[in-house]
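Asks: Following the UniProt record's numbering, the numbering of the sequence shown begins with 1 at its first residue and continues without gaps. What follows is a single structure, and I will ask about it in a moment.
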Amino acid sequence: MANTPYPQSYYAASANPVPPRPALQGEVETDICVIGAGYTGLSSALFLLENGFKVTIVEAAKVGFGASGRNGGQIVNSYSRDIDIIERTVGPREAQLLGEMAFEGGRIIRERVAKYNIQCDLKDGGVFAALTPKQMGHLESQKRLWERYGHTQLELMDQKRIREVVACDSYLGGMLDMSGGHIHPLNLALGEAAAVESLGGVIYEQTPAVRIERGANPVVHTPQGKVRAKYIIVAGNAYLGNLVPELASKSMPCGTQVITTEPLSDELARTLLPQDYCVEDCNYLLDYYRLTGDKRLIFGGGVVYGARDPANIEAIIRPKMLKAFPQLKDVKIDFAWTGNFLLTLSRLPQVGRIGDNIYYSQGCSGHGVTYTHLAGKVLAEALRGQAERFDAFAGLPHYPFPGGQMLRVPFSAMGAWYYSLRDRLGF
Ligand SMILES: Cc1cc2nc3c(=O)[nH]c(=O)nc-3n(C[C@H](O)[C@H](O)[C@H](O)COP(=O)(O)OP(=O)(O)OC[C@H]3O[C@@H](n4cnc5c(N)ncnc54)[C@H](O)[C@@H]3O)c2cc1C
1 MANTPYPQSY YAASANPVPP RPALQGEVET DICVIGAGYT GLSSALFLLE NGFKVTIVEA
61 AKVGFGASGR NGGQIVNSYS RDIDIIERTV GPREAQLLGE MAFEGGRIIR ERVAKYNIQC
121 DLKDGGVFAA LTPKQMGHLE SQKRLWERYG HTQLELMDQK RIREVVACDS YLGGMLDMSG
181 GHIHPLNLAL GEAAAVESLG GVIYEQTPAV RIERGANPVV HTPQGKVRAK YIIVAGNAYL
241 GNLVPELASK SMPCGTQVIT TEPLSDELAR TLLPQDYCVE DCNYLLDYYR LTGDKRLIFG
301 GGVVYGARDP ANIEAIIRPK MLKAFPQLKD VKIDFAWTGN FLLTLSRLPQ VGRIGDNIYY
361 SQGCSGHGVT YTHLAGKVLA EALRGQAERF DAFAGLPHYP FPGGQMLRVP FSAMGAWYYS
421 LRDRLGF
């Protein structure tokens with residue numbers, strides 16, 4: 001049977017120890033079968049177990065193998081598209097609910113870390129950095145927008161103030177969110193998996209769901225077994241493939257790449273990011289970076305539509321890092337990897353139910369660390385019969401990508417090129 005290891009990343013190299021988790025052999029019965037052990041699957045499982053359900057997770061590779069174990073580690077609140085878009089798309093009641101939930105994911109992460117004593121280098125403070133006056137204006141209106149939904153902890157920063165928190169001369173200003181922050185993403189996922197098991201949940205690794213038998217009593221088929229369940233949660237996101245064909249047409253896997261430097265001296269690390277906040281810029285194709293627990297710089301950026309793996313990641317990302325921090329020109333890159341997130345046309349998450357008993361959440365389009373934790377809670381609420389917040393997400397409309405399966409990649413790349421040109425020209 002296939003044994004898929006973690007990709008070679010800084011996170012895999014610094015992961016906390018984990019117990020062996022064998023593949024499923026034979027038949028098991030459960031209340032809820034979760035497909036995928038990323039944050040969406042693990043968060044759903046935890047909320048369900050805390051509410052007395054029996055939960056079984058099948059994971060094609062390993063806990064956190066997907067985006068959850070490879071991401072930039074940035075706790076970024078709200079959604080990949082903002083609430084003003086949501087306000088224009090759905091009714092006022094749904095917009096109110098979604099707006100109120102926009103910062104809940106970050107709180108859930110902190111509650112989980114505290115409750116289950118998860119060692120994942122959690123730090124508070126995230127910066128949105130503006131490169132153009134237009135981006136600064138957008139941050140100002142975003143702050144006003146978020147404040148309307150009760151999120152009042154944000155600080156706008158002028159050029160002098162942002163220079164105090166990040167040693168990059170390109171920024172005109174920014175916004176600081178102290179309820180943002182950063183984590184070691186794989187260790188967060190591994191800690192959540194341990195919490196799932198401490199509550200009696202079962203996780204089978206190296207166990208892909210290869211077919212879902214639908215009906216009143218659905219069955220998830222795996223290469224050497226099956227899971228009979230009352231409900232199924234599909235949480236495979238960009239790695240799901242065509243297991244649920246209805247979901248594939250309205251979303252597109254995309255790759256993004258990350259590099260990690262060798263450990264920096266304390267002094268150099270302090271010069272770059274004195275308060276140890278994480279940073280993302282406001283470009284359409286954004287750069288994002290932060291320090292790790294052992295003072296390396298993790299830097300990510302760019303998007304490969306259609307999720308083809310680039311041959312030389314360092315050659316793509318290192319120039320972006322040196323543009324932000326020329327002072328790192330002699331610093332060695334120890335790790336470089338790629339990972340896939342799932343893009344929707346609206347860049348809002350795709351949430352819903354197929355038939356009576358198959359639930360899904362996916363497609364948070366780049367900003368998913370907080371949303372996926374919220375999604376787990378919202379899915380669990382729906383399974384307990386409280387579907388108001390689930391319905392608010394499920395009501396977000398989704399459309400197929402222009403060009404269909406054949407042309408969606410070149411069409412989206414052209415769109416992104418256009419938006420990044422506007423960023424460069426300051427429009
Ligand atoms: C490189 C990178 C950097 C990012 N940086 C950030 C960031 O800094 N901040 C932020 O907010 N977001 C970031 N994101 C996005 C964020 O990581 C994701 O939105 C989030 O982790 C998605 O979680 P998930 O559980 O839905 O999916 P995943 O973590 O991808 O998990 C899906 C899991 O399902 C499994 N699976 C798939 N199909 C099957 C099947 N048939 N049977 C069984 N298992 C299956 C996969 O193996 C995988 O483990 C980044 C993403 C990437 C790729």
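Every residue gets a Cβ at the ideal spot worked out from N, C-alpha and C, and that includes glycine. As the structure is a computational prediction, the values presented were derived from the model and not from experiment.
Which runs of the beta strand (DSSP E) spanning at least 3 residues fall entirely within the stretch 267-330, listed in chain order?
Replies: 278-281, 287-291, 297-305, all fully within the stretch 267-330.
Asks: Assign residue 4 to one of three DSSP states: helix, strand, or coil.
Replies: Looking up residue 4 in the sequence shown gives position 4. In the structure shown, residue 4 sits in coil (DSSP, three-state: anything other than H, G, I, E or B).
Asks: Please list the terminal residues of the continuous alpha helix (DSSP H) segment that includes residue 353.
Replies: For the purposes of this step, residue 353 is taken as the residue at position 353 of the sequence shown. Not the alpha helix (DSSP H): residue 353 falls in the beta strand (DSSP E), residues 350-354.
Asks: Kindly indicate which three-state DSSP category residue 377 falls into: helix, strand or coil?
Replies: Position 377 of the sequence shown, counting from 1, holds the residue named residue 377. In this structure, residue 377 counts as helix in the three-state DSSP scheme.
Asks: Take every Cβ of the stretch 84-103, pair it with every Cβ of the stretch 381-400, and state whether three or more of those distances are shorter than 8 Å.
Replies: Yes, the stretch 84-103 touches the stretch 381-400.
Asks: Where does residue 119 land, buried or exposed, given buried means 16+ other C-beta within 10 angstroms?
Replies: Looking up residue 119 in the sequence shown gives position 119. Residue 119 should be labelled exposed.
Asks: What did DSSP end up calling residue 237 once you bin it into helix, strand or coil?
Replies: The sequence position of residue 237 within the sequence shown is 237, counting from 1. In the structure shown, residue 237 sits in a helix (DSSP, three-state: H, G or I).
Asks: Considering only residues of the same chain and omitting the five flanking positions on each side of residue 138, which have a CB-CB separation below 8 Å?
Replies: Start at 1 with the first residue of the sequence shown, and residue 138 comes out as number 138. Here the set comprises 130, 282.
Asks: Does the stretch 258-267 come close enough to the stretch 336-355 that 3 or more CB-CB pairs lie under 8 Å?
Replies: Contact holds: three or more Cβ-Cβ distances are below 8 Å.
Asks: What span of residues does the alpha helix (DSSP H) with residue 44 cover, start to end?
Replies: For this step, residue 44 is matched to residue 44 along the sequence shown. Residues 39-50.
Asks: Check residue 89 in the structure and name its three-state DSSP category.
Replies: If you number the sequence shown from 1, residue 89 lands on position 89. Reduced to three states, the DSSP call for residue 89 is helix.
Asks: Are there 16 or more other CB atoms within 10 angstroms of the CB of residue 327, so buried, or fewer, so exposed?
Replies: The residue labelled residue 327 in the question sits at position 327 within the sequence shown. Answer is exposed; the Cβ neighbour count stays below 16.
Asks: Determine the DSSP secondary structure at residue 159, reduced to helix, strand or coil.
Replies: Looking up residue 159 in the sequence shown gives position 159. Helix.
Asks: By how many angstroms is the C-alpha of residue 40 removed from the C-alpha of residue 122?
Replies: Residue numbering aside, residue 122 sits at position 122 when the sequence shown is read from its first letter. Residue numbering aside, residue 40 sits at position 40 when the sequence shown is read from its first letter. Taking the straight line joining both Cα atoms gives about 19 Å.
Asks: Please name the residue or residues paired with residue 77 in a DSSP beta bridge.
Replies: Position 77 of the sequence shown, counting from 1, holds the residue named residue 77. Answer is none; residue 77 lacks a bridge partner.
Asks: If you run the structure through DSSP and keep just helix, strand and coil, what is residue 133?
Replies: For the purposes of this step, residue 133 is taken as the residue at position 133 of the sequence shown. In the structure shown, residue 133 sits in a helix (DSSP, three-state: H, G or I).
Asks: Using the C-alpha atoms, what's the distance from residue 362 back to residue 377?
Replies: Counting from one through the sequence shown, the residue named residue 377 turns up at place 377. Counting from one through the sequence shown, the residue named residue 362 turns up at place 362. Answer to the nearest angstrom: the Cα atoms are 14 Å apart.
Asks: Hey, is residue 316 close to ligand 3, as in C-beta under 7 Å from one of its heavy atoms?
Replies: The model on display carries ligand 1 but not ligand 3.
Asks: Anyone know if the C-beta pair for residue 299 and residue 320 falls short of 8 Å?
Replies: Taking the first residue of the sequence shown as position 1, residue 299 is located at position 299. Taking the first residue of the sequence shown as position 1, residue 320 is located at position 320. Against a cut-off of 8 Å, the Cβ pair of residue 320 and residue 299 comes out as a contact.
Asks: If you draw a straight line from the alpha carbon of residue 196 to that of residue 12, how long is it in whole angstroms?
Replies: By 1-based counting over the sequence shown, the position of residue 196 is 196. By 1-based counting over the sequence shown, the position of residue 12 is 12. Each residue's Cα considered, the two are about 20 Å apart.
Asks: Whole angstroms are fine: how far does the CA of residue 302 sit from the CA of residue 417?
Replies: Here residue 417 corresponds to residue number 417 of the sequence shown, with the count starting at 1. Here residue 302 corresponds to residue number 302 of the sequence shown, with the count starting at 1. Low confidence applies to residue 417: its pLDDT is 48, below 50, so where it sits in the model is not reliable, and the reading given next is rough at best. If I take the Cα positions, the gap works out to 11 Å.
Asks: Output the distance between the C-alpha atoms of residue 159 and residue 140, rounded to the nearest integer angstrom.
Replies: By 1-based counting over the sequence shown, the position of residue 159 is 159. By 1-based counting over the sequence shown, the position of residue 140 is 140. Going from the Cα of residue 159 to the Cα of residue 140 covers about 14 Å.
Asks: Give me the residue from 322, 48, 50, 93 with the minimum Cα distance to residue 389.
Replies: Taking the first residue of the sequence shown as position 1, residue 389 is located at position 389. For residue 389, the nearest C-alpha among the options comes from 93.
Asks: Around the Cβ of residue 62, are there at least 16 other Cβ atoms within 10 angstroms (buried) or fewer (exposed)?
Replies: For the purposes of this step, residue 62 is taken as residue 62 along the sequence shown, with counting starting at 1. Buried.
Asks: Whose C-beta lies closer than 7 Å to the C-beta of residue 367 among residues of the same chain, with five residues either side of it excluded?
Replies: Reading the sequence shown from its first residue, position 367 is the one you call residue 367. Excluding positions up to five away in sequence, the list reads 76, 79, 80.
Asks: Who does residue 56 pair with in a DSSP beta bridge?
Replies: If you number the sequence shown from 1, residue 56 lands on position 56. 33, 202, per the DSSP bridge assignment.
Asks: Take the Cβ of residue 135 as the centre, count every other Cβ of all protein chains shown within 10 Å, and call the residue buried at 16 or more, exposed below.
Replies: Counting from one through the sequence shown, the residue named residue 135 turns up at place 135. Buried.
Asks: Quick one: residues in its chain with C-beta nearer than 6 Å to the C-beta of residue 271, no 5 flanking neighbours on either side, listed in chain order?
Replies: Walking along the sequence shown from the start, residue 271 turns up at place 271. These residues qualify, in order along the chain: 167.
Asks: Quick check: does the Cβ of residue 354 come within less than 7 Å of any heavy atom belonging to ligand 1?
Replies: Taking the first residue of the sequence shown as 1, we reach residue 354 at position 354. Result no, Cβ not under 7 Å from ligand 1.
Asks: Quick check on residue 82: does DSSP put it in helix, strand or coil?
Replies: By 1-based counting over the sequence shown, the position of residue 82 is 82. It is coil, neither helix nor strand.
Asks: As a quick exercise: from 184, 58, 74, pick the residue whose alpha carbon is nearest that of residue 10.
Replies: Here residue 10 refers to the residue found at position 10 when the sequence shown is read from its first residue. The shortest C-alpha separation from residue 10 is found at 184.
Asks: Can you grab the Cα-Cα spacing for the pair residue 142 / residue 180, in whole Å?
Replies: Within the sequence shown, the letter at position 142 stands for residue 142. Within the sequence shown, the letter at position 180 stands for residue 180. If you take the alpha carbons of residue 142 and residue 180, they lie about 15 Å apart.
Asks: For residue 59, count the other beta carbons within 10 Å of its own beta carbon; 16 or more makes it buried, fewer makes it exposed. Which is it?
Replies: Along the sequence shown, read from residue 1 onward, the residue named residue 59 stands at position 59. Under this definition residue 59 is a buried residue.
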